[in-house]
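Participant: Sharing a structure with you now.
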Amino acid sequence: MIAFNRCSAAPGASRRLASSSQARPMRCMPAPAAVTHPAFGGGRLRVRTHAAKDTEKKGYLTSDTIATIGVTITVAMFFYMSLADMKADTAKSMAQLSADISKNQAQLSADISKSQALLSAEISTKVDQVLEADRAIQVGEAELRGANEALADIIKGRLAAPATDTAPAAADKN
């Protein structure tokens, strides 16, 4: 395993390893940029042994490939679940819309039937009023004809009557 020495001494200073059986001096080296954490602006620590390189060449999955597959599956599941939620929401919205359309059609049909009934009743009332007025006109015309005939009879009678009435009056004058 490869380990990087991160000592607190200044770069280039030497110190002894306490864990080593031999107290050999070791130089403190600044950590390479690849070792620092990505949050602090560094890159990834990528240390491979010869065995790892051999397995890569043989077609075995590396941890990076497995991580990529895991992330891909997670993202795909997220989108699939989002799509399923969207499909469920769409189905719910379509059912609600269908119910609203049915309700509105029933209400519109009831309103049309009510309006037709009111209009039919109003038309029937107007027709009855027109028929009554027509009957009144016919009665008035009949009365007017009768009055005209009576007036004609009176006029004929007066024209005939004054000739007989005027003769005695003329005789009295003489």
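In the numbering used here, the protein residues as written are 20 to 193. Ideal Cβ positions, reconstructed from N, Cα and C, are used throughout, including at glycine.
What is the DSSP secondary structure of asparagine 24, counted as helix, strand or coil?
Facilitator: Locating residue 24 in the sequence shown gives position 5, counting from the first residue. Residue placement at asparagine 24 cannot be trusted, given a pLDDT of 44 that sits under 50; the coordinates are not used to answer.
Participant: Give me the Cα-Cα distance between alanine 175 and asparagine 167, rounded to the nearest whole angstrom.
Facilitator: What you label residue 175 is simply residue 156 of the sequence shown in a count that begins at 1. What you label residue 167 is simply residue 148 of the sequence shown in a count that begins at 1. A small fix is needed here, since residue 175 is lysine in this sequence, not alanine. Cα to Cα, the separation comes out at about 12 Å.
Participant: By the three-class DSSP mapping on this structure, what secondary structure does alanine 37 have?
Facilitator: Start at 1 with the first residue of the sequence shown, and residue 37 comes out as number 18. Caution is warranted here: a pLDDT of 47 is assigned to alanine 37, below 50, making its placement in the model unreliable, and no coordinate value can be reported.
Participant: Using 9 Å as the threshold, is the C-beta distance between leucine 80 and isoleucine 92 below it?
Facilitator: Indexing the sequence shown from 1 puts residue 80 at position 61. Indexing the sequence shown from 1 puts residue 92 at position 73. No, they are not a contact pair.
Participant: Whole angstroms is fine: what's the gap from asparagine 123's alpha carbon to leucine 116's?
Facilitator: Your numbering for residue 123 matches position 104 in the sequence shown. Your numbering for residue 116 matches position 97 in the sequence shown. The straight-line gap from Cα to Cα measures roughly 10 Å.
Participant: Compute the Euclidean distance between the alpha carbons of alanine 140 and alanine 155, then round it to the nearest angstrom.
Facilitator: Taking the first residue of the sequence shown as 1, we reach residue 140 at position 121. Taking the first residue of the sequence shown as 1, we reach residue 155 at position 136. Each residue's alpha carbon lies about 22 Å from the other.
Participant: Measure the alpha-carbon distance for aspartate 172 versus leucine 178 and round it to whole angstroms.
Facilitator: As a first step, residue 172 is located in the sequence shown; it is residue number 153 there, counting from the start. As a first step, residue 178 is located in the sequence shown; it is residue number 159 there, counting from the start. Cα-Cα distance, rounded: 10 Å.
Participant: Within the same chain, show all residues whose beta-carbon is closer than 8 Å to that of serine 134, passing over the 5 residues directly before and after it, in chain order.
Facilitator: Counting from one through the sequence shown, the residue named residue 134 turns up at place 115. Cβ neighbours of serine 134 beyond the five flanking positions: none.
Participant: Give every residue of the same chain whose Cβ lies closer than 6 Å to the Cβ of glycine 165, excluding the five residues on either side of it in the sequence, and list them in chain order.
Facilitator: Counting from one through the sequence shown, the residue named residue 165 turns up at place 146. If we look at glycine 165 and ignore the five residues flanking it on each side, it has no Cβ neighbours.
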